[in-house]
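Okay, so here's the structure we're looking at.
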Amino acid sequence: METSELLKRVRRIEIKTKGLSKQIFAGEYQSAFKGRGMSFSEVRSYQYGDDVRNIDWNVTARSGEPYIKVFEEERELTVMLLVDISKSSFFGTTKQMKNDLITEICAVMAFSATKNNDKVGLLLFSDRVEKYLPPKKGRGHILRIIRELIETRPTGTGTDIGKALTYFTNMVKKRSICFLVSDFLAEDYERPLRIASRRHDVIGLHLYDPREKELPDVGLIHARDAESGQMQWVDTGSSKVRRNYQAWYDRHQEYFKQAFQKSGADSLSLETTEDYVKGLLRFFKSR
0 METSELLKRV
10 RRIEIKTKGL
20 SKQIFAGEYQ
30 SAFKGRGMSF
40 SEVRSYQYGD
50 DVRNIDWNVT
60 ARSGEPYIKV
70 FEEERELTVM
80 LLVDISKSSF
90 FGTTKQMKND
100 LITEICAVMA
110 FSATKNNDKV
120 GLLLFSDRVE
130 KYLPPKKGRG
140 HILRIIRELI
150 ETRPTGTGTD
160 IGKALTYFTN
170 MVKKRSICFL
180 VSDFLAEDYE
190 RPLRIASRRH
200 DVIGLHLYDP
210 REKELPDVGL
220 IHARDAESGQ
230 MQWVDTGSSK
240 VRRNYQAWYD
250 RHQEYFKQAF
260 QKSGADSLSL
270 ETTEDYVKGL
280 LRFFKSR
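Quick note on numbering that gives the first Met the number 0: the sequence shown kicks off at 0 and runs consecutively.
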(Lines of atoms letter the chains of each structure in order from A and count residues from 1; the text may use other names and numbers.)
(Lines give C-alpha, C1' and ligand atoms only; values in the text may rest on other atoms or scores of the structure.)
Protein backbone atom coordinates (compact mmCIF):
# COMPACT_ATOMS: atom_id res chain seq x y z
CA MET A 1 0.00 0.00 0.00
CA GLU A 2 1.27 3.48 -0.89
CA THR A 3 2.27 5.64 2.07
CA SER A 4 -0.24 8.36 1.17
CA GLU A 5 -3.12 5.85 0.97
CA LEU A 6 -2.04 4.25 4.25
CA LEU A 7 -2.03 7.62 6.02
CA LYS A 8 -5.49 8.42 4.63
CA ARG A 9 -6.86 5.11 5.94
CA VAL A 10 -5.27 5.68 9.33
CA ARG A 11 -6.79 9.16 9.48
CA ARG A 12 -10.27 7.91 8.48
CA ILE A 13 -10.16 5.22 11.16
CA GLU A 14 -8.89 7.72 13.73
CA ILE A 15 -11.75 10.14 13.05
CA LYS A 16 -14.42 7.44 13.23
CA THR A 17 -13.15 5.46 16.20
CA LYS A 18 -11.87 8.36 18.27
CA GLY A 19 -15.35 9.88 18.14
CA LEU A 20 -16.92 6.61 19.24
CA SER A 21 -14.53 6.19 22.13
CA LYS A 22 -15.05 9.77 23.30
CA GLN A 23 -18.84 9.85 23.07
CA ILE A 24 -19.75 6.30 24.04
CA PHE A 25 -17.04 4.08 25.44
CA ALA A 26 -15.03 6.29 27.80
CA GLY A 27 -17.46 6.09 30.73
CA GLU A 28 -18.32 2.43 30.17
CA TYR A 29 -14.65 1.54 29.74
CA GLN A 30 -13.72 3.25 33.01
CA SER A 31 -16.44 1.51 34.98
CA ALA A 32 -15.83 -1.90 33.37
CA PHE A 33 -12.07 -1.97 33.94
CA LYS A 34 -11.03 -0.68 37.33
CA GLY A 35 -7.54 -0.37 38.72
CA ARG A 36 -6.13 -3.63 39.97
CA GLY A 37 -3.89 -2.38 42.81
CA MET A 38 -3.82 -0.07 45.83
CA SER A 39 -1.19 2.60 46.41
CA PHE A 40 -0.39 4.62 49.52
CA SER A 41 -1.99 8.07 49.53
CA GLU A 42 -1.64 9.72 52.97
CA VAL A 43 -1.99 9.29 56.72
CA ARG A 44 -4.80 10.73 58.82
CA SER A 45 -6.09 10.54 62.37
CA TYR A 46 -7.74 7.29 63.35
CA GLN A 47 -11.55 7.44 63.35
CA TYR A 48 -14.01 5.04 64.90
CA GLY A 49 -14.66 2.16 62.51
CA ASP A 50 -11.30 2.35 60.70
CA ASP A 51 -9.49 -0.93 60.07
CA VAL A 52 -6.86 -1.29 62.80
CA ARG A 53 -4.69 -3.21 60.35
CA ASN A 54 -4.04 0.10 58.55
CA ILE A 55 -2.62 1.87 61.63
CA ASP A 56 0.73 3.54 60.87
CA TRP A 57 2.63 2.57 64.02
CA ASN A 58 5.62 4.82 63.29
CA VAL A 59 3.52 7.98 62.99
CA THR A 60 1.35 6.87 65.94
CA ALA A 61 4.45 6.42 68.13
CA ARG A 62 5.87 9.85 67.21
CA SER A 63 2.60 11.75 67.67
CA GLY A 64 1.20 9.88 70.63
CA GLU A 65 -2.15 9.58 68.82
CA PRO A 66 -3.35 6.81 66.48
CA TYR A 67 -2.94 7.45 62.74
CA ILE A 68 -3.87 5.18 59.84
CA LYS A 69 -2.56 4.78 56.32
CA VAL A 70 -4.97 5.73 53.54
CA PHE A 71 -4.74 3.85 50.27
CA GLU A 72 -6.31 4.60 46.92
CA GLU A 73 -6.90 2.50 43.86
CA GLU A 74 -4.23 2.63 41.17
CA ARG A 75 -6.20 3.95 38.22
CA GLU A 76 -3.61 3.54 35.49
CA LEU A 77 -3.97 0.28 33.58
CA THR A 78 -2.16 -1.54 30.82
CA VAL A 79 -4.25 -2.71 27.86
CA MET A 80 -2.88 -5.35 25.50
CA LEU A 81 -4.41 -6.11 22.11
CA LEU A 82 -3.61 -9.65 20.96
CA VAL A 83 -4.83 -9.75 17.38
CA ASP A 84 -5.12 -12.72 15.05
CA ILE A 85 -3.95 -11.62 11.59
CA SER A 86 -3.81 -15.10 10.08
CA LYS A 87 -5.09 -15.36 6.52
CA SER A 88 -8.56 -16.46 7.64
CA SER A 89 -9.09 -12.92 8.96
CA PHE A 90 -8.85 -11.57 5.39
CA PHE A 91 -12.33 -12.82 4.58
CA GLY A 92 -15.72 -11.24 4.25
CA THR A 93 -19.06 -11.67 2.49
CA THR A 94 -20.65 -8.49 3.88
CA LYS A 95 -19.72 -4.81 3.57
CA GLN A 96 -16.62 -5.29 5.76
CA MET A 97 -13.82 -7.83 5.80
CA LYS A 98 -13.11 -9.34 9.20
CA ASN A 99 -9.68 -7.68 9.38
CA ASP A 100 -11.20 -4.23 8.68
CA LEU A 101 -13.67 -4.70 11.51
CA ILE A 102 -10.89 -5.93 13.79
CA THR A 103 -8.91 -2.77 13.07
CA GLU A 104 -11.88 -0.55 13.92
CA ILE A 105 -12.66 -2.34 17.17
CA CYS A 106 -9.03 -2.31 18.28
CA ALA A 107 -8.79 1.41 17.49
CA VAL A 108 -11.88 2.11 19.62
CA MET A 109 -10.37 0.14 22.50
CA ALA A 110 -7.03 1.90 22.14
CA PHE A 111 -8.51 5.42 22.07
CA SER A 112 -10.75 4.57 25.05
CA ALA A 113 -7.68 3.40 26.96
CA THR A 114 -5.52 6.39 26.10
CA LYS A 115 -8.34 8.78 27.05
CA ASN A 116 -8.20 7.11 30.46
CA ASN A 117 -4.42 7.67 30.53
CA ASP A 118 -3.73 3.94 30.20
CA LYS A 119 -0.92 2.31 28.27
CA VAL A 120 -1.72 0.24 25.17
CA GLY A 121 0.35 -2.51 23.59
CA LEU A 122 -0.12 -4.68 20.49
CA LEU A 123 0.73 -8.27 19.62
CA LEU A 124 -0.06 -9.50 16.11
CA PHE A 125 0.04 -13.24 15.47
CA SER A 126 -0.69 -16.03 13.00
CA ASP A 127 0.98 -19.38 13.73
CA ARG A 128 3.81 -17.25 15.09
CA VAL A 129 4.22 -13.82 16.68
CA GLU A 130 4.32 -11.41 13.74
CA LYS A 131 4.76 -8.10 15.59
CA TYR A 132 5.02 -6.88 19.18
CA LEU A 133 4.68 -3.26 20.30
CA PRO A 134 5.30 -2.75 24.05
CA PRO A 135 2.62 -0.80 25.97
CA LYS A 136 2.95 2.99 25.72
CA LYS A 137 0.80 6.09 25.99
CA GLY A 138 -0.01 8.84 23.53
CA ARG A 139 -1.77 9.54 20.25
CA GLY A 140 1.33 8.83 18.19
CA HIS A 141 1.58 5.34 19.63
CA ILE A 142 -2.11 4.64 18.95
CA LEU A 143 -1.68 5.74 15.33
CA ARG A 144 1.31 3.38 15.08
CA ILE A 145 -0.93 0.55 16.32
CA ILE A 146 -3.56 1.38 13.69
CA ARG A 147 -0.92 1.47 10.95
CA GLU A 148 0.40 -1.93 11.95
CA LEU A 149 -3.14 -3.37 12.01
CA ILE A 150 -3.76 -2.08 8.48
CA GLU A 151 -0.41 -2.84 6.92
CA THR A 152 1.01 -5.99 8.54
CA ARG A 153 0.50 -9.17 6.56
CA PRO A 154 1.16 -12.60 8.06
CA THR A 155 4.25 -14.57 7.16
CA GLY A 156 2.78 -17.65 8.85
CA THR A 157 0.31 -20.00 7.18
CA GLY A 158 -1.85 -20.99 10.14
CA THR A 159 -3.15 -19.90 13.55
CA ASP A 160 -1.56 -20.64 16.93
CA ILE A 161 -3.43 -18.84 19.71
CA GLY A 162 -1.55 -20.75 22.40
CA LYS A 163 1.83 -19.51 21.14
CA ALA A 164 0.59 -15.90 21.18
CA LEU A 165 -0.73 -16.24 24.74
CA THR A 166 2.54 -17.81 25.94
CA TYR A 167 4.57 -14.98 24.38
CA PHE A 168 2.26 -12.40 25.97
CA THR A 169 2.53 -14.03 29.42
CA ASN A 170 6.33 -14.07 29.20
CA MET A 171 6.64 -10.48 27.94
CA VAL A 172 4.03 -8.62 30.02
CA LYS A 173 4.63 -9.09 33.73
CA LYS A 174 2.39 -6.32 35.07
CA ARG A 175 -1.27 -7.26 35.36
CA SER A 176 -3.12 -5.98 32.31
CA ILE A 177 -6.40 -6.09 30.43
CA CYS A 178 -5.89 -8.36 27.43
CA PHE A 179 -8.28 -8.31 24.48
CA LEU A 180 -7.68 -11.50 22.46
CA VAL A 181 -9.25 -10.82 19.06
CA SER A 182 -9.69 -13.74 16.66
CA ASP A 183 -12.14 -15.87 14.69
CA PHE A 184 -10.99 -18.72 16.99
CA LEU A 185 -10.88 -21.28 14.19
CA ALA A 186 -8.19 -23.11 16.12
CA GLU A 187 -7.79 -25.28 19.21
CA ASP A 188 -5.13 -26.39 21.72
CA TYR A 189 -4.90 -23.06 23.56
CA GLU A 190 -6.78 -23.89 26.78
CA ARG A 191 -3.68 -24.31 28.99
CA PRO A 192 -1.90 -21.09 27.86
CA LEU A 193 -5.23 -19.26 28.27
CA ARG A 194 -5.63 -20.58 31.81
CA ILE A 195 -2.08 -19.48 32.71
CA ALA A 196 -2.57 -16.01 31.20
CA SER A 197 -5.91 -15.58 32.99
CA ARG A 198 -4.33 -16.16 36.39
CA ARG A 199 -2.28 -12.99 36.02
CA HIS A 200 -4.27 -10.89 33.56
CA ASP A 201 -7.87 -9.93 32.82
CA VAL A 202 -8.27 -11.79 29.51
CA ILE A 203 -11.27 -11.13 27.25
CA GLY A 204 -11.87 -13.13 24.08
CA LEU A 205 -13.46 -11.18 21.22
CA HIS A 206 -14.74 -13.69 18.67
CA LEU A 207 -15.46 -12.08 15.28
CA TYR A 208 -17.09 -14.12 12.55
CA ASP A 209 -18.65 -13.74 9.13
CA PRO A 210 -22.18 -15.21 8.75
CA ARG A 211 -20.97 -17.46 5.91
CA GLU A 212 -18.48 -19.07 8.26
CA LYS A 213 -21.30 -20.48 10.37
CA GLU A 214 -23.09 -22.21 7.53
CA LEU A 215 -21.96 -23.33 4.08
CA PRO A 216 -24.49 -22.14 1.46
CA ASP A 217 -25.90 -24.52 -1.16
CA VAL A 218 -24.47 -23.01 -4.37
CA GLY A 219 -23.39 -26.17 -6.17
CA LEU A 220 -19.85 -27.12 -7.15
CA ILE A 221 -17.29 -24.42 -6.39
CA HIS A 222 -13.52 -24.11 -6.71
CA ALA A 223 -12.44 -22.79 -3.31
CA ARG A 224 -9.11 -21.75 -1.79
CA ASP A 225 -8.26 -22.55 1.82
CA ALA A 226 -7.53 -19.13 3.34
CA GLU A 227 -4.59 -20.30 5.46
CA SER A 228 -2.98 -23.11 3.46
CA GLY A 229 -3.65 -21.51 0.05
CA GLN A 230 -4.64 -24.87 -1.42
CA MET A 231 -7.37 -24.96 -4.08
CA GLN A 232 -9.97 -27.71 -4.12
CA TRP A 233 -13.39 -28.47 -5.53
CA VAL A 234 -16.21 -28.40 -2.98
CA ASP A 235 -19.70 -29.74 -3.68
CA THR A 236 -21.83 -27.40 -1.57
CA GLY A 237 -24.92 -29.10 -3.00
CA SER A 238 -24.09 -32.18 -0.93
CA SER A 239 -25.94 -32.21 2.41
CA LYS A 240 -23.15 -34.38 3.83
CA VAL A 241 -20.50 -31.79 2.93
CA ARG A 242 -22.58 -29.02 4.52
CA ARG A 243 -23.16 -31.11 7.68
CA ASN A 244 -19.45 -31.88 7.98
CA TYR A 245 -18.60 -28.21 7.58
CA GLN A 246 -21.20 -27.26 10.21
CA ALA A 247 -19.77 -29.84 12.62
CA TRP A 248 -16.24 -28.48 12.04
CA TYR A 249 -17.34 -24.92 12.79
CA ASP A 250 -19.43 -25.92 15.82
CA ARG A 251 -16.53 -27.91 17.27
CA HIS A 252 -14.25 -24.88 17.20
CA GLN A 253 -16.85 -22.62 18.78
CA GLU A 254 -17.64 -25.11 21.52
CA TYR A 255 -13.94 -25.36 22.28
CA PHE A 256 -13.74 -21.54 22.42
CA LYS A 257 -16.65 -21.27 24.87
CA GLN A 258 -15.45 -24.07 27.14
CA ALA A 259 -11.82 -22.89 27.16
CA PHE A 260 -12.78 -19.40 28.30
CA GLN A 261 -15.33 -20.67 30.79
CA LYS A 262 -12.83 -23.07 32.38
CA SER A 263 -10.14 -20.39 32.59
CA GLY A 264 -12.52 -17.90 34.22
CA ALA A 265 -12.03 -15.41 31.38
CA ASP A 266 -14.79 -13.37 29.73
CA SER A 267 -15.72 -13.73 26.07
CA LEU A 268 -17.90 -12.01 23.50
CA SER A 269 -18.96 -13.10 19.99
CA LEU A 270 -19.73 -10.48 17.34
CA GLU A 271 -20.98 -11.11 13.81
CA THR A 272 -19.61 -8.81 11.11
CA THR A 273 -23.16 -7.76 10.19
CA GLU A 274 -24.12 -6.54 13.67
CA ASP A 275 -23.48 -3.17 15.30
CA TYR A 276 -20.32 -3.79 17.30
CA VAL A 277 -20.91 -0.56 19.25
CA LYS A 278 -24.07 -2.00 20.82
CA GLY A 279 -22.44 -5.37 21.39
CA LEU A 280 -19.43 -3.88 23.18
CA LEU A 281 -21.60 -1.56 25.25
CA ARG A 282 -23.73 -4.48 26.45
CA PHE A 283 -20.57 -6.35 27.33
CA PHE A 284 -19.02 -3.43 29.22
CA LYS A 285 -22.21 -2.84 31.20
CA SER A 286 -22.40 -6.53 32.18
CA ARG A 287 -18.97 -6.46 33.87
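Where a beta carbon is used, it is the ideal one built from N, C-alpha and C, also for glycine.
Values in this document were obtained by computation on a predicted structure and should not be read as measured data.
Between the CA atoms of residue j and residue i - distance to the nearest angstrom
i    : j    : result
I101 : F89  : 10 Å
S266 : R193 : 13 Å
S111 : N98  : 20 Å
A109 : N115 : 10 Å
S20  : S238 : 45 Å
K136 : V240 : 49 Å
R11  : P65  : 58 Å
Q231 : K17  : 42 Å
V128 : C177 : 16 Å
G236 : K130 : 41 Å
P215 : V233 : 11 Å
F282 : A264 : 13 Å
D159 : K277 : 29 Å
M96  : L81  : 18 Å
F259 : F183 : 11 Å
T156 : R250 : 21 Å
A60  : Y47  : 19 Å
D117 : G218 : 51 Å
S44  : H199 : 36 Å
Classification of residue i by the beta-carbon crowding that lies within 10 angstroms, buried from 16 upward
i    : result
M79  : buried
Q9   : Residue identity differs from the one stated: residue 9 is Val in this sequence, not Gln. With 16 or more other Cβ atoms within 10 Å, it is buried.
I220 : exposed
E4   : exposed
S62  : exposed
D50  : exposed
V201 : buried
S285 : exposed
S262 : buried
T93  : exposed
C-beta atoms of residue i and residue j nearer than 9 Å
i    : j    : result
K86  : S125 : yes
I67  : C105 : no
T299 : R138 : Lying outside 0 to 286, the shown extent of the chain, residue 299 is not represented and no answer is given.
L179 : G203 : yes
H140 : V119 : yes
S175 : L279 : no
S268 : Q252 : yes
D83  : S196 : no
Y248 : E213 : yes
L164 : P134 : no
K7   : E103 : no
V42  : V58  : yes
D132 : E13  : According to the sequence displayed, residue 132 carries Leu and not Asp. No, Cβ-Cβ distance for L132 and E13 is not below 9 Å.
Strand pairing of residue i, partner residues [DSSP]
i    : result
S266 : G203
E41  : V69
C177 : M79, V201
V119 : V78, K135
V128 : F124
I101 : The partner list for I101 (beta bridge, DSSP) is empty, contrary to what the question assumes.
I54  : I67
field: Sufficient close CB pairs (3 or more, under 8 Å) joining the segment 45–59 to the segment 115–123
entry: no
query: How about the segment 175–190 and the segment 227–245: do they share at least three Cβ pairs that are nearer than 8 Å?
result: no
field: Touching by the beta-carbon criterion (3+ pairs, under 8 Å), the segment 145–152 and the segment 167–181
entry: no
- request: State whether the segment 204–218 contacts the segment 267–277, with contact taken as three or more CB pairs (one from each stretch) at a distance under 8 Å.
  value: yes
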